[in-house]
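To start, the structure itself, in structure tokens.
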Amino acid sequence: VSGTSVVQVTATDADDPSYGNSARIIYSILQGQPYFSVEPETGIIRTALPNMNRENREQYQVVIQAKDMGGQMGGLSGTTTVNITLTDVNDNPPRFPQSTIHLRIPESSPVGTSIGSVKATDADTGKNAEVEYKIIDGDGTDMFDIATQKDTQEGIITVRKPLDYETRRLYTLKVEAENTHVDPRFYYLGPFKDTTIVKISVEDVDEPPIFSRSSYLFEVHEDIELGTIIGTVMARDPDSASSPIRFSLDRHTDLDRIFNIHSGNGSIYTSKPLDREISQWHNLSVIAAEINNPKDTTRVPVYVRILDVNDNAPQFAVFYDTFVCENARAGQLIQTISAVDKDDPLGGQKFFFSLAAVNPNFTVQDNEDNTARILTRRNGFSRHEISTYLLPVVISDNDYPIQSSTGTLTIRVCACDSRGNMQSCNAEALLLPAGLSTGALVAILLCIIILLVIVVLFAALKRQRKKEPLILSKEDIRDNIVSYNDEGGGEEDTQAFDIGTLRNPAAIEDKKLRRDIIPETLFVPRRTPSAPDNTDVRDFINQRLKEHDTDPSAPPYDSLATYAYEGNDSIAESLSSLESGTTEGDQNYDYLREWGPRFNKLAEMYGGGESDKDIS
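Here my numbering is used: the first residue of the sequence shown is 704, the next is one more, and so on.
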């Protein structure tokens, strides 16, 4: 409004205000006209134009001059700059830039999918520009929703219900945008809202088949014949009514393959017998697919409830360990029995108890509450005469068809005290003679068997024992070659082997047994006549070889005997280095003299010309 006070400026003057007009200040506007004015005496800045519009210009700079001497010529002056900003008021309604908006969405879009957005512009700012969107009319008000997004001030249109191209292809919505904060002073500028038309086109998509129901429940009795149809599922192709559908069962939901389905018409039938007592519910999953496009499939749950048929007979609820005292009286209760039935009739279980035949010793009394009592019919029982009685009891139900079974009670005769507490039921225990108990006899028998097994094993191991060598050294070989790893001392070594022993057969000891093996039999060595003292060593050795060859008791072992004698005319010739002196080749052995006193003899033998004679 024109004349609205904006701000007041004040100037000061150091002159004495009581002296003339020296301190009298007059205000004037130098910059800011025609929008603002200033009162000369008070310095109050006011608006000079009505209906100033912030949307056209928001910032203004006003220069005010203050002059003393009442504003007369010669007076002193000063200026100040005032920056004025217009604040916003809600004086502008929202406006849609387009009167009609077109949007598209595939028919397969799920509920909640965003289709697009609409936005109305508002020249105001802040809360004065806040807008709320809503659908006020159209043929798709129940199919779509719109929500206001606060940060962008847009209206987001979403899917509210599933779309179907074959049912409807185009929807028209009338969307309204309205300011949420309206200033009553500017109602005359209203209304502060705007509308636009939104047209939504539904696009066709090759959709999978659609079942007639979201789930199926079938009930069937457990005694139906194989191949009986228990129900039918139905599905159609929403894109083409004439498109054929193929049905199948998800075998993960029917591992036992109890059911099957006709692929053409969706009829589910039994392929194995049903048993409610094993499984009362079967949760199947049926798959529908287009024949022309097998990849597009749809599943639907199928719940099969098996209804009960009275096909099980009642039986004893538990195993009964029943006994009767020897001193029992007629009519005495010895057992209360009950029964169970796997079937579950609608009216509940009802059992009847009776005896299979008249029994002179016991009777059964039905309590009519699915239990019965077993009573005695006579006084006194003897476990020495009869220790156990078998009582057949017939149990039947009242459903159709009636099922019954016969359970046999085993009743033992026992000795009891005066209060009827069982003490002993073993009649044979009274007849056993005194002596060892059965456990002791079994233990003795086991000990005897174990001893026999040990003796047999010991004998078998002894017969299979192998010959063990007496010499267990790593260097033990059958040729009896012994390595001493010691260097001889030459002729000066008087402790060496004396060949004279071979030349004196009388000094040779009797033949001894081999020490490297265990002999199998002992025998007396055969004496041979001693050779004369002048017998040559060769003749002695040949004689010994002959004796061993002809001796049947000599062990047949391959043996290498060392006799310290080298034979002549060997095919392999001698391996000794001593014979190298007879070769025709000239060799120099003078270096043996440098090896010390121990090699002097060798040096004389190989170094001089008379070595051969010395050796012989």
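All C-beta atoms in this analysis are idealised placements derived from N, C-alpha and C, irrespective of residue type, glycine included.
Just so you know, these numbers come straight off a predicted model, no measurement behind them.
| Check | Outcome |
| --- | --- |
| How about the segment 837-846 and the segment 863-877: do they share at least three Cβ pairs that are nearer than 8 Å? | yes |
| Hey, quick one: how far does the beta strand (DSSP E) through Asn786 stretch, first residue to last? | Ser780 to Thr788 |
| Would the segment 903-914 and the segment 951-963 be scored as touching if the rule is three or more Cβ pairs under 8 Å? | no |
| Specify the secondary structure class of Arg1081 as computed by DSSP and reduced to three states. | coil |
| Taking all protein chains shown into account, do 16 or more other C-beta atoms lie within 10 angstroms of the C-beta of Met772, making it buried, or fewer, making it exposed? | buried |
| Please name the residue, chosen from Thr1066, Glu758, Tyr1103 and Glu1029, that lies closest to Leu1049 on a Cα-to-Cα basis. | Tyr1103 |
| Are there three or more Cβ pairs, one per stretch, closer than 8 Å when the segment 1023-1042 is compared with the segment 988-997? | no |
| Whose C-alpha, out of Ser817, Thr782, Asp1100 and Arg757, is nearest the C-alpha of Asn795? | Arg757 |
| Are at least three pairs of beta-carbons, each pair with one atom in the segment 975-988 and one in the segment 877-891, less than 8 Å apart? | no |
| Three or more C-beta pairs closer than 8 Å, one from the segment 1039-1056 and one from the segment 1013-1020: is that the case here? | yes |
| Which of helix, strand or coil does DSSP assign to Val1003? | strand |
| Which stretch, first to last residue, makes up the beta strand (DSSP E) that contains Cys1119? | Ser1107 to Cys1119 |
| Any chance the segment 731-747 sits against the segment 760-770, with 3 or more Cβ pairs inside 8 Å? | yes |
| Less than 8 Å separating the beta-carbons of Leu806 and Ile839? | no |
| In the DSSP assignment, find the alpha helix (DSSP H) that holds Asn1245 and state where it starts and stops. | Val1240 to Thr1253 |
| Please report how far the alpha carbon of Glu1071 lies from the alpha carbon of Gln1106, in whole angstroms. | 17 Å |
| Would the C-beta of Ile728 count as close to the ligand HEM, meaning under 7 Å from any of its heavy atoms? | The model on display carries no ligand, and the ligand HEM is accordingly not part of it. |
| Could you tell me whether the segment 997-1014 touches the segment 1050-1060, using the rule of 3 or more Cβ pairs below 8 Å? | no |
| Just list the residues that DSSP pairs Thr1025 with in beta bridges. | Ile1114 |
| Starting from Val709 and walking both ways along the beta strand (DSSP E), at which residues does that stretch end? | Ser708 to Gln711 |
| Of all the options Val1158, Arg1032 and Asp1044, which has the alpha carbon lying nearest to the alpha carbon of Gly1123? | Arg1032 |
| Out of Ser943, Val821 and Ser725, state which residue places its alpha-carbon closest to the alpha-carbon of Leu645. | Since the displayed the chain opens at 704 and closes at 1319, residue 645 lies outside it and no answer follows. |
| Give me the DSSP bridge partner(s) of Ala938. | Phe914 |
| Is the Cβ-Cβ distance between Val862 and Thr851 less than 8 Å? | no |
| For Pro1136, I'd like the list of residues in its chain whose CB is within less than 6 Å of its CB, leaving aside the five on either flank, ordered along the chain. | Any reading at Pro1136 is ruled out, since the residue's pLDDT is 43, under 50, leaving its predicted position unreliable. |
| In this structure, does DSSP put Gly773 in helix, strand or coil? | helix |
| Using only the alpha-carbon positions, how far apart do Ala882 and Ser918 sit? | Here residue 882 is Asn; the residue named in the question, Ala, does not match the sequence. When rounded, the distance between both Cα atoms is 47 Å. |
| How is Val1145 classed by DSSP in three states: helix, strand or coil? | helix |
| Excluding the five sequence neighbours on either side, which residues of its own chain have a C-beta within less than 6 Å of the C-beta of Asp886, listed in chain order? | Val792 and Asn793 |
| Run the CB neighbour count on Cys1150, radius 10 Å, all protein chains shown included, and call it buried at 16 or more, exposed below. | exposed |
| Of all the options Glu879, Ile913, Asp719 and Phe895, which has the alpha carbon lying nearest to the alpha carbon of Val901? | Glu879 |
| Just the C-alpha distance for Asp827 and Thr783, rounded to the nearest angstrom, thanks. | 31 Å |
| Taking only runs of the alpha helix (DSSP H) that begin and end inside the segment 851-891, which ones reach a length of at least 4 residues, in chain order? | none |
| On the CB-based measure, 16 or more other CB atoms within 10 Å of its CB, does Lys770 come out buried or exposed? | buried |
| What residue range is occupied by the uninterrupted beta strand (DSSP E) comprising Ala1060? | Element bounds for Ala1060: n/a, residue is neither H nor E. |
| Assign Thr713 to buried or exposed, taking buried as 16 or more other Cβ atoms, counted over all protein chains shown, within 10 Å of its Cβ. | exposed |
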